[in-house]
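Visitor: Provided herewith is a single structure, encoded as structure tokens, for subsequent inquiry.
2 protein chains.
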Amino acid sequence: MTGSKDDLPADGLEALQTPCLVLDEGKLAANLAGMRAQVDRHGVTFRPHLKTAKSIDVALMAMTGPGGPATVSTLKEAEYFAERGVRDLTYAVGIAPHKLDRVGAIRRRFGADLAVILDSLGQAEAVSEWSRRTGDRLPVFIEVDPDGHRSGVKPGDADLLRGIGERIAAGASLRGVLLHAGESYGLSDPEALAEAAEGERAAAVQAAETLRGAGLPCPVVSVGSTPTARHARHLDGITEVRAGVYMFGDLVQAGIGSCAVDDIAVSVLATVIGHRPDKGWIITDAGWMAMSRDRGTAAQAVDQGYGLVCDRAGRPFEDLIVAQANQEHGVLALRKGSGARRPDLPIGTLVRILPNHACATAAQYDRYHVIGRDGRLEGEWPRINGW
Amino acid sequence: MTGSKDDLPADGLEALQTPCLVLDEGKLAANLAGMRAQVDRHGVTFRPHLKTAKSIDVALMAMTGPGGPATVSTLKEAEYFAERGVRDLTYAVGIAPHKLDRVGAIRRRFGADLAVILDSLGQAEAVSEWSRRTGDRLPVFIEVDPDGHRSGVKPGDADLLRGIGERIAAGASLRGVLLHAGESYGLSDPEALAEAAEGERAAAVQAAETLRGAGLPCPVVSVGSTPTARHARHLDGITEVRAGVYMFGDLVQAGIGSCAVDDIAVSVLATVIGHRPDKGWIITDAGWMAMSRDRGTAAQAVDQGYGLVCDRAGRPFEDLIVAQANQEHGVLALRKGSGARRPDLPIGTLVRILPNHACATAAQYDRYHVIGRDGRLEGEWPRINGW
């Protein structure tokens, strides 16, 4: 109904069923170009992480070539992208031995150079045993932990690094070391972020030198997170960088300082379905199922609730956030203490909501509705989910 | 590999790719029977909410007949279930006028009695106008707010109730009032829950009497939430009850007292992929993408992290929770202050993780892997997501 009025923008959005996921192609392209320029400056390979976008259309824009390189977070992503021509892939989650047959099938079926990562003697033995048994010398990274965030061998644990490296090399192919400075997501000071990037770099080089000192190969030294990729001063000794969420950006990355709010390329299109003037609430059809339950900005200086509300052209309303969310209801309200005026948004009004965490929000959808550089809806790009 | 050992259970789970969603059919059936018995005791119609399960297989077990009645939270659910024979449906999220054509298409195409809800004069006028224009007298509920939780007309606002009712009746069909005591999710004391149920009931009856007193029809008086449905002492004046999450149960419902931990029918099957003995961590491949970002137990007496960890047969390990989660990594650790022993879970071990919130966790998957009453994997039930 709203679309029939002459004074509304000719963006085509009223044809969509809400809630749905909107992708601004111009902002996406700018984010991709910005990261590429930063990585190119360091003279290293760029291996974008496809876990955020999970879309071949986005991947083809982000990768340096149609065959990769690229990083994935699930074997389903590996299958999807390999089937679509991406041949150089790293599955950057520690391998479980019973997943090796699926890895092998992807390598054989698509001729893909799919590498795995691990951080224990047991996994290294299982991988080598699998390679000997199948005749497929699997490329393997040793995961190294730069900051105590999650998995990985400590960079100073030379005995364990050598032990794992030897076991890999005994049957499979030791490709190098891989690190992810996940603690950088908790920072926001540019100096601290540069230090986190340097810590990641130094840990990677230390681990690589340990392996090489033991006569083991370490051709690839791979680091990456969106914040550290953005803030690294130099990457001496590093051969490749990975990053994923930078493609879309989100409110958490804006809070860290890895992007500006205006750079965020994805938003959830929602419809106003009610009002509670007694409480100062505007109700929409985008609840936590549409936004995800991610409250990543709750721990940051500016808490954005479940998302920051913009008009249908993507311009934020001052201090208007998704203050509460039920499964299929979002409650818009002004940030606490705000002196801003609550906008008048009648029932049926379309709004666009910027997400806290692009990876989590995008995973609630099976496609992107793409808005072109002219601000008009131009098509759909499918995406995958699951494992 | 683990499946080849003779001493492992013959449950068939090693054939699955992890993470995946497992549904215990025996527990599901017991949960369904328990709620049915409680609702039957009150002598009212039961209209299960299919927003949690989103599966026709589960719906057919939960509904009193193959044609319904049932409640849905999205029009995609309405389409999916109507196409599979469910004819008596209420779409229990406030209607936006531009969604009416889609509602009408579902009604026509499948011969479905799909009703909508609203809580404003503007929506009522739009619905009546649509009904007059299309010749389809849409059945409409007035949403009433029993507890300030979300949407709805206040039960004592007689003028607004009458105004909305008259506008609906002018073109569409006023079917009754519908309430959801969402604040009950924040309770845990049985007495307080019984009071919340009584508050919901009394508000419903008050609103229905207001409409009837104005000469308006109100054949259906619909209430429901899993906690209030469980704790209602009597339902005088109520004609139907809705509930959804009770089918599976979850840790939040266990914290409220709406189910026991042992009743929880869904779990995420995960594989151990690493260890950090220095930190007391066991790493699995079920991160927040697999569990959802829902941290609903954080506000309860027992914080279950991102989920409570069980062995592959579904028996909880004492105090072992998903203490942290990244996108595809879950960090298992003992609850803070626990004196329990951390179980020895070698790489490749399968565990089952009970979710905080079944609706959010199940939405990360496109199917259920069903375990029969004999504890063995017996098949897959598809489910839908999205809008």
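Chains as they are written, first to last, in this note's numbering: chain A, 1 to 387; chain B, 1001 to 1387.
Where is the CB? At the ideal position from N, CA and C, for every residue including glycine.
What you are looking at is a predicted structure, and each value in this text was computed from that prediction instead of being measured.
So what does DSSP say about A/His42, is it helix, strand or coil?
Guide: coil
Visitor: Would you list the one or two residues that DSSP bridges to A/Cys310?
Guide: A/Pro316 and A/Arg352
Visitor: Can you find a C-beta in chain A that's less than 8 angstroms from the C-beta of B/Lys1005?
Guide: Model confidence at B/Lys1005 stands at a pLDDT of 47, short of 50, so the residue's coordinates are unreliable and nothing is read from them.
Visitor: Short check: CB of A/Arg47 to CB of A/Pro69, under 8 angstroms?
Guide: The Cβ atoms of A/Arg47 and A/Pro69 sit closer than 8 angstroms to each other.
Visitor: CB B/Gly1228 to CB B/Val1245, shorter than 8 angstroms?
Guide: Per the sequence presented here, residue 1228 of chain B reads as Thr, with Gly not at that position. Cβ distance not < 8 angstroms, so B/Thr1228 and B/Val1245 don't count as in contact.
Visitor: Quick one: any contact between the segment 331 to 344 of chain A and the segment 306 to 321 of chain A, if contact means 3 or more CB pairs under 8 angstroms?
Guide: yes
Visitor: To the nearest angstrom, report how far apart A/Ile95 and B/Asp1366 are at their CA atoms.
Guide: Spanning the two alpha carbons is a distance of roughly 23 angstroms.
Visitor: Name the one or two DSSP bridge partners that A/Thr297 has.
Guide: Residue pairing from DSSP leaves A/Thr297 without any beta-bridge partner.
Visitor: Closest Cβ-Cβ distance between B/Gln1017 and chain C: below 8 angstroms?
Guide: Chain labels in this structure do not include chain C; the protein chains are A and B.
Visitor: For A/Arg150, decide whether its Cβ has a neighbour in chain B, counting only Cβ atoms nearer than 8 angstroms.
Guide: A/Arg150 has a beta carbon lying within less than 8 angstroms of a beta carbon in chain B.
Visitor: Judging by CA-CA distance, which residue of A/Pro217, A/Tyr185 and A/Glu200 is the nearest neighbour of A/Phe141?
Guide: A/Pro217
Visitor: List the residues of chain A whose Cβ lies closer than 8 angstroms to the Cβ of B/Asp1136, in chain order.
Guide: None at all; the shortest Cβ gap to chain A is about 16 angstroms.
Visitor: State the start and end residues of the unbroken beta strand (DSSP E) segment that holds B/His1275.
Guide: Val1266 to Arg1276
Visitor: Pairing CB atoms from the segment 1325 to 1342 of chain B with CB atoms from the segment 1284 to 1293 of chain B, are three or more of them under 8 angstroms?
Guide: yes
Visitor: Looking at the structure shown, is B/Gln1324 part of a helix, part of a strand, or coil, going by DSSP?
Guide: strand
Visitor: Where A/Met63 and A/Phe110 are concerned, what is the direct C-alpha to C-alpha distance, given to the nearest angstrom?
Guide: In a straight line, the C-alpha of A/Met63 is about 18 angstroms away from that of A/Phe110.
Visitor: Going by C-alpha distance, which of B/Ala1232, B/Trp1288, B/Val1302 and B/Val1223 is nearest B/Val1261?
Guide: B/Val1302
Visitor: Look at the Cβ atom of B/Gly1104, then the Cβ atom of B/Val1086, and state whether they are nearer than 8 angstroms.
Guide: The criterion of a C-beta distance shorter than 8 angstroms is not satisfied by B/Gly1104 and B/Val1086.
Visitor: Just to confirm, is the Cβ distance from A/Phe248 to A/Ala358 under 8 angstroms?
Guide: yes
Visitor: From B/Lys1005 to A/Asp263, what does the alpha carbon distance come to, in whole angstroms?
Guide: Note that B/Lys1005 scores 47 on pLDDT, short of 50, meaning its location in the model is unreliable and no value can be drawn from it.
Visitor: Touching or not, the segment 1146 to 1153 of chain B and the segment 307 to 314 of chain A, by the rule of three or more beta carbon pairs under 8 angstroms?
Guide: no
Visitor: Can you tell which of A/Asp101, A/His149, A/Arg162 and A/Gly163 has the C-alpha that lies nearest to the C-alpha of A/Gly135?
Guide: A/Asp101
Visitor: Just checking: is the beta-carbon of A/Glu328 within a distance shorter than 8 angstroms of some beta-carbon in chain B?
Guide: yes
Visitor: Ignoring anything shorter than 4 residues or poking outside the segment 1134 to 1215 of chain B, list the alpha helix (DSSP H) runs there in chain order.
Guide: 1158 to 1169 and 1190 to 1213
Visitor: Counting only beta-carbon separations shorter than 8 angstroms, does B/Lys1051 have a partner in chain A?
Guide: Yes, B/Lys1051 lies at the interface with chain A (some Cβ there is under 8 angstroms from its Cβ).
Visitor: Nearest CA to the CA of A/His275: which residue from B/Thr1297, B/Gly1257, B/Leu1118 and B/His1049?
Guide: B/Leu1118
Visitor: Whole-angstrom Cβ separation of B/Gln1300 and B/Gly1255, contact assumed at under 8 angstroms?
Guide: Taking C-beta atoms under 8 angstroms as the contact rule, B/Gln1300 and B/Gly1255 qualify, at a distance of about 4 angstroms.
Visitor: What in chain B is Cβ-close to A/Arg41, meaning under 9 angstroms?
Guide: Correct list: empty, because the minimum Cβ distance to chain B is about 27 angstroms.
Visitor: Does B/Met1289 get closer than 8 angstroms to chain A when you measure Cβ to Cβ?
Guide: yes
Visitor: Along the segment 330 to 351 of chain A, where does the CB come closer than 8 angstroms to a CB of chain B? Name the residues.
Guide: Val331, Pro346, Ile347 and Gly348
Visitor: Considering only residues of the same chain and omitting the five flanking positions on each side of A/Pro139, which have a CB-CB separation below 6 angstroms?
Guide: Ala115, Ser173 and Arg175
Visitor: Using alpha carbons as the reference points, say which of B/Ile1106, B/Tyr1185, B/Glu1125 and B/His1180 lies closest to B/Ile1164.
Guide: By alpha-carbon distance to B/Ile1164, the top candidate from B/Ile1106, B/Tyr1185, B/Glu1125 and B/His1180 is B/Glu1125.
Visitor: Does the distance from the C-beta atom of B/Ile1353 to that of B/Asp1024 stay below 8 angstroms?
Guide: no
Visitor: Could you tell me whether the Cβ of A/Tyr365 comes closer than 8 angstroms to any Cβ of chain B?
Guide: Look at A/Tyr365: its C-beta is under 8 angstroms from a C-beta on chain B.
Visitor: Mind checking if A/Trp381 is an interface residue toward chain B, Cβ cutoff 8 angstroms exclusive?
Guide: no
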